[in-house]
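Since the structure comes first, as structure tokens, the remarks are kept for the end.
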Amino acid sequence: MYFRSSDFLRLVRDFGETLTLKKTTTSGTYNPSTGAMSGSATTDYSFTGYIYNATSEPVDQVVKDARRCAIPALGLGVEPTDEDTIVRSGTTYVINHVTTIFSNGTAVCYICHLED
780 MYFRSSDFLR LVRDFGETLT LKKTTTSGTY NPSTGAMSGS ATTDYSFTGY IYNATSEPVD
840 QVVKDARRCA IPALGLGVEP TDEDTIVRSG TTYVINHVTT IFSNGTAVCY ICHLED
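Structure representation (structure tokens):
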């Protein structure tokens, strides 16, 4: 199926909801004795996005529903990246891949592949 960037932006406009992008701003340091990171910080960005179900994909003989999130790039201020999280009504999704949609060399929309 073929989509134009304006189709994704219309979905966000018509059906979008307020979501939160949690972005790790510093990497921190790894403590090998505890196995934990310390000193990392996150910044929250509120935006209007649209989370939708993509086609089901077989994963190790189990069908797993895939979710995507369309985020308008204009006015967001940051780029979502792998390992960032999106919070929707108390549910947290981890971004595992980001596809950037460009129009005339300018990013207009991000399609984030999500994991529960």
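Here this note's numbering runs 779 ahead of the position in the sequence shown, where the first position is 1. Backbone N, C-alpha and C fix where the C-beta goes; we use that ideal spot for every residue, glycine too. Quantities reported herein were computed from a predicted structural model and do not represent experimental measurements.
Test item: CB-CB of residue i and residue j under 8 Å
i, j, result
"T879", "Y872", "no"
"L790", "R867", "no"
"A849", "A886", "no"
"L800", "I865", "yes"
"D895", "H876", "no"
"H892", "A815", "no"
Extent of the continuous beta strand (DSSP E) run through residue i
i, result
"A833", "Element bounds for A833: n/a, residue is neither H nor E."
"S817", "815-817"
Rounded separation between residue i and residue j - CA only
i, j, result
"T831", "P811", "Looking at the sequence itself, residue 831 is Tyr, so the reference to Thr does not match. Each residue's Cα considered, the two are about 39 Å apart."
"D823", "D863", "10 Å"
"F794", "T813", "44 Å"
Whole-number beta carbon distance between residue j and residue i, since they are thought to touch under 8 Å
i, j, result
"T808", "S817", "6 Å"
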